[in-house]
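J.: I'd like to ask some things about the structure below.
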Amino acid sequence: MKTLVTICRWLVGLLFIFSGLVKANDPLGLSFKMLEFFEKWNMQFFDSYSLSFAITINIVEVVAGVGIIIGWKPKFFTWLLLLLILFFTFLTSYVLFSGKIHACGCFGDCIPLTPIQTFTKDIILLVLILIILFGVSKIRSSTSGKKAIVILATMFAFVGFVEFYVLHHLPFKDCLAYKKGNNILEQMKPPVGSYPDSIVTTMKFNHNGKVVEIVGENYPADYNDTTYQFIDGSMEQKVVLKGNNTAKIANFSLTTASGNDTTQAILDIKENYVLIFVKDFSKIIASDKAVMLNMIASYTKIKIPIFIVTNDKEGIAASGFNNIPVFTCDATEIKTAARVNPTLFLMQGATILNKVAGVDADDLMK
């Protein structure tokens, strides 16, 4: 039993550490996923806390994983892991059985899992944690209390620092469609070899006093509009085979103040140019703004075109960037493209040559 518990401790601990670190690379991604759950559950009063929740969950996952591996306070960390996995299993079961949310995001955007894969993973982890719980008396730690506290505090600080850094700069590993090296126009196309949803349509008709149901194109031989009268509201469409032809970038557009779509024209520019993605002008800190204004002045001298992409129409006038052409874009696309407010893209045509946070504007050309 002791050997089995030890194996389970290492498996569970390593997976929780890995999961927490992967999500710590992009805590905003988990925060946005939480907003989806809050919206579906009409719990929008938690929206302003979503990022704090995400940061905390990632830290707790890693610390709990380390704690169960070193075996210090085994009852505490086993119960903590059990509570975490019950919570995660509830979320993944909701995603799987309700169909209201596309994915749980348990491993962030870098390791996308289907709902059934995520749910299965959580069930397996639940079983492993229950084994640890039943054998918790067998756990003996070779780590002293002081040393354990130092290890756990170090992991707490490390994960916290990682999250602080990526929230002010950019994720260490960019796993989204707007990552460096990608071509935006190519990402707007469905994957090669993909196929759309297969949909079956069912309709009901009155025919000689009876209700006749017709599925798809299987019309009766005697069908005609005169003898078969369609029953209003009877049409139903059912997806029998889920397609996979969704482009990674679906709603990217660059629209002028007058409503003209200039997406293709901008992405066809052959020389280098800069796109500055801004989620909220009022939240750009003064030091970042100063760095950006200096960069803009330098780039203007060497005639590199600069454009602002935002959904914050009200904030443009007081932004201090009045002399730069501004395009509006879907807010969700901006959140995906720019994890930090603001984020700068160095572009050539539709290809992203480089991508930096506003605070690192001086590094855009490096």
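FYI, in this note's numbering the residues of the sequence shown are -6 to 359.
Cβ coordinates follow ideal geometry from the N, Cα and C atoms, glycine included.
For clarity, every value in this text was computed on a predicted model and none was experimentally measured.
#1: Output yes or no for whether 9 Å exceeds the beta carbon distance between Asn348 and Asp167.
#2: Just the Cα atoms here: how many angstroms apart are Lys140 and Ile63?
#3: Determine the extent of the alpha helix (DSSP H) in which Leu23 is found, giving its start and end residues.
#4: Can at least three beta-carbon pairs, one atom from the region 333 to 340 and one from the region 253 to 267, be found at a separation below 8 Å?
#5: Taking Cβ positions, are Asn265 and Phe165 nearer each other than 9 Å?
#6: Here's a check: name, in chain order, each residue in its chain whose Cβ is nearer than 7 Å to the Cβ of Gly308, leaving out the five neighbours to either side.
#7: Identify every residue that forms a DSSP beta bridge with Asn176.
#8: Tell me which same chain residues have a C-beta within less than 6 Å of the C-beta of Pro298, skipping the five on either side of it?
#9: Going by CA-CA distance only, name the one from Cys99, Ile242, Gly174 and Ile289 that's closest to Thr10.
#10: Which residue from Thr219, Asp190, Gln180 and Lys306 puts its Cα closest to that of Phe198?
#11: Cutting at 6 Å between CB atoms, please list the residues of its own chain near Thr71, excluding the five before and the five after it.
#12: So, helix, strand or coil for Thr239, using DSSP?
#13: Are Ile94 and Tyr87 close, meaning C-beta to C-beta below 9 Å?
#14: Relative to the alpha-carbon of Ser43, which residue among Asp102, Val59, Val53 and Gly22 has its alpha-carbon at the smallest distance?
#15: Any idea which residues DSSP pairs Thr194 with across the strands?
#16: Whose C-alpha, out of Thr195, Gly101, Leu84 and Val56, is nearest the C-alpha of Ile144?
#17: Measuring straight from C-alpha to C-alpha, what distance separates Lys172 and Asp323?
#18: Spatial neighbours of Asn175 within its chain, please: CB distance less than 7 Å, with the 5 preceding and 5 following residues excluded, ordered by chain position.
#19: May I have the straight-line CA-CA distance separating Gly202 from Asp215, to the nearest angstrom?
#20: Beta-carbon within less than 8 Å of Val5's beta-carbon, same chain only, minus the 5 sequence neighbours each way: which residues are those?
#21: Taking only three categories from DSSP, how would you classify Thr321?
#22: For Met288 and Leu234, what's the separation of their Cα atoms in angstroms?
T.: Let me lay it out:
#1: For the sequence presented, residue 348 should be read as Lys rather than Asn. Taking the C-beta atoms as reference points, Asp167 is found nearer than 9 Å to Lys348.
#2: Going from the Cα of Lys140 to the Cα of Ile63 covers about 10 Å.
#3: Per DSSP, Leu23 belongs to the alpha helix (DSSP H) from Pro20 to Lys33.
#4: Proximity of the region 333 to 340 to the region 253 to 267 meets the contact definition, three or more beta-carbon pairs being nearer than 8 Å.
#5: No; because the gap between Cβ atoms is not below 9 Å, this pair is not in contact.
#6: So the list reads Asp273, Phe274 and Ser275, once near-sequence residues are dropped.
#7: The partner list for Asn176 (beta bridge, DSSP) reads Thr344.
#8: Excluding positions up to five away in sequence, the list reads Tyr266.
#9: Here the sequence assigns Ile to residue 10, which means Thr is not the residue at that position. The candidate whose alpha carbon is nearest that of Ile10 is Cys99.
#10: Closest in C-alpha terms to Phe198, from the list Thr219, Asp190, Gln180 and Lys306, comes Thr219.
#11: Result list for Thr71: Ile125, Leu126 and Val129, in chain order.
#12: Looking at Thr239 - three-state DSSP - the assignment turns out to be coil, as it is neither helix nor strand.
#13: Yes, the Cβ-Cβ distance between Ile94 and Tyr87 is below 9 Å.
#14: Answer by Cα proximity: Gly22.
#15: Residue pairing by DSSP puts Thr194 in a beta bridge opposite Gln230.
#16: Each of Thr195, Gly101, Leu84 and Val56 was checked against the Cα of Ile144, and the nearest Cα belongs to Val56.
#17: In a straight line, the C-alpha of Lys172 is about 18 Å away from that of Asp323.
#18: Closer than 7 Å at Cβ, skipping near neighbours: Ile345.
#19: Rounded to the nearest angstrom, the two C-alpha atoms are 15 Å apart.
#20: The residues are Gly58, Ile61, Leu74, Leu118, Leu121, Ile122 and Ile125.
#21: Strand.
#22: Answer to the nearest angstrom: the Cα atoms are 51 Å apart.
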